[in-house]
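The next block holds one structure in the form of structure tokens; read it before the comments.
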Amino acid sequence: QQQQQQQRRRQQQPVGQEPLSEETARDLAQTAVHAHRLGLGAAYSLPAIEDALREAYKKSADAKTKASRMAAAAERAAGSSLGSDPLGWLYGLVLGSIETDLPQRIADFLCTTVAKYLDPFIDGEVPRGAWEARSSGLFSARLDAAWAAHRPPNAPAKLHIAPEVVLAVYIKHAVTKMNLNHGFGDHVPGLGRQPILPDEQELHAQDVKASVMRAIRSDFDAAHLRIRGLDVTEEVLQGLICAHLRACVYFQEELAVALSEANKDGEEARLQERLRIWGYC
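Pasting the structure below:
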């Protein structure tokens, strides 16, 4: 009767739920641990490591090549002077490799005044219908009025800055801010602001060139649209805009490569820490 009851219970027990023997359970556990270790090491197999290193080296080499080209261009521009090479001097000013020869207090005042005037237009705070009213008159008059209102103590009553220097600082602020505002897309979590597509960059350069050209013709006397012997033309502005935007993109790529390498080092360190915790190394 007991044998019949045991046989009946075995028949009623679902298939696949028979109790495992100790040896079978041990083999399954060892197999699971081995499979887990294989999964962890798959990303660090020799072919995967070689491919990752090759890709990282290629990106790093490309970024370094681009950075070295921009550094060489900036170095050449830094060696330019306003008198001997006005175009190189203007490129250096826009790319940030050189500064004006103005005293620091005067240079800060000029940059601040230019920014206070241009930023509301660039940021879209001025309605289109108010453009003409807000930009009527020459910028030199605005600069003199701002100096009279905010002149530091013991400073001369008249602000003496060459019109070509004022024009250059004006162009620098307009080009750099419009490139940073409109040369990159919206912020994406985890990626930041990515550069716009190459085709869009060409259209962007055309729009910025037209806007800056229209602005300087409105804010400066026609006789002052020159930097020494250099006429500020659309071609000059196009070159400045493209050079500055490329420099920004190359710099961002260089930072991205450095961040990627740091993340890989962090992943390797975390893997080693997990292996130490689990007792595998």
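Residue numbering for the sequence shown follows full-length UniProt numbering, beginning at 1 and increasing consecutively.
Beta carbons: idealized from backbone N, C-alpha and C, even for Gly.
Secondary structure of residue i, DSSP reduced to three states
i	result
ASP101	coil
PRO127	coil
ARG193	strand
ILE241	helix
LEU159	coil
LEU230	strand
PHE220	coil
SER136	coil
GLY266	helix
TRP147	helix
TYR117	helix
MET82	Reading the sequence as shown, one finds Leu at residue 82 and not Met. It is coil, neither helix nor strand.
TYR280	coil
SER211	helix
SER260	helix
N-terminal and C-terminal residue of the beta strand (DSSP E) that residue i is part of
i	result
PRO152	Neither: PRO152 is in no beta strand (DSSP E) and is coded neither H nor E.
ASP186	184-188
Alpha-carbon spacing of residue i relative to residue j, whole angstroms
i	j	result
LEU245	LEU180	8 Å
LEU191	TYR91	30 Å
CYS242	ALA205	7 Å
PHE121	PRO198	25 Å
ASP219	VAL166	11 Å
CYS111	HIS182	21 Å
ASP101	LEU87	16 Å
THR233	ALA269	55 Å
GLY279	LEU271	12 Å
PHE109	VAL188	35 Å
ALA174	HIS160	22 Å
GLU228	PRO127	First, the amino acid is wrong: residue 228 is Arg here, not Glu. The alpha-carbon atoms of ARG228 and PRO127 are separated by roughly 35 Å.
GLU202	ALA107	32 Å
GLU55	GLY266	18 Å
ASN263	GLN252	16 Å
SER81	GLU273	56 Å
ILE98	ARG151	26 Å
ARG105	ILE277	59 Å
Candidates the options, of which the one nearest residue i by Cα
i	options	result
LYS116	LEU143, GLY129, ARG105, VAL94	LEU143
ARG193	SER136, LEU255, LEU203, GLN238	LEU255
GLY124	HIS187, LYS172, MET178	MET178
PRO163	GLY239, PHE139, SER211, GLU55	PHE139
ASP221	ARG26, LEU118, GLY137, TRP147	GLY137
GLU132	ALA215, THR24, VAL257, ILE106	ALA215
GLY185	ALA168, GLU267, GLU200	GLU200
MET213	GLU235, GLY96, PRO195	GLU235
PRO195	ILE98, VAL94, VAL257, TYR250	TYR250
LEU237	ASP207, ASP85, ARG105	ASP207
TRP89	LEU28, GLN104, VAL169	VAL169
VAL94	LEU240, SER81, ALA145, SER21	LEU240
ALA134	ALA223, LEU118, ARG274	The question names Ala, yet the displayed sequence has Arg at residue 134. Of the listed residues, the one whose Cα sits closest to ARG134 is LEU118.
GLY96	ALA210, VAL257, LYS172	LYS172
LYS209	ALA130, THR176, GLU99	THR176
GLY83	LEU230, GLN30, HIS224, LYS158	LEU230
Endpoints, alpha helix (DSSP H) assigned at residue i
i	result
HIS224	Element bounds for HIS224: n/a, residue is neither H nor E.
TRP89	86-95
heavy atom of the ligand ZN below 7 Å from residue i C-beta
i	result
LEU275	Looking for the ligand ZN in the displayed structure turns up nothing, as the structure carries no ligands at all.
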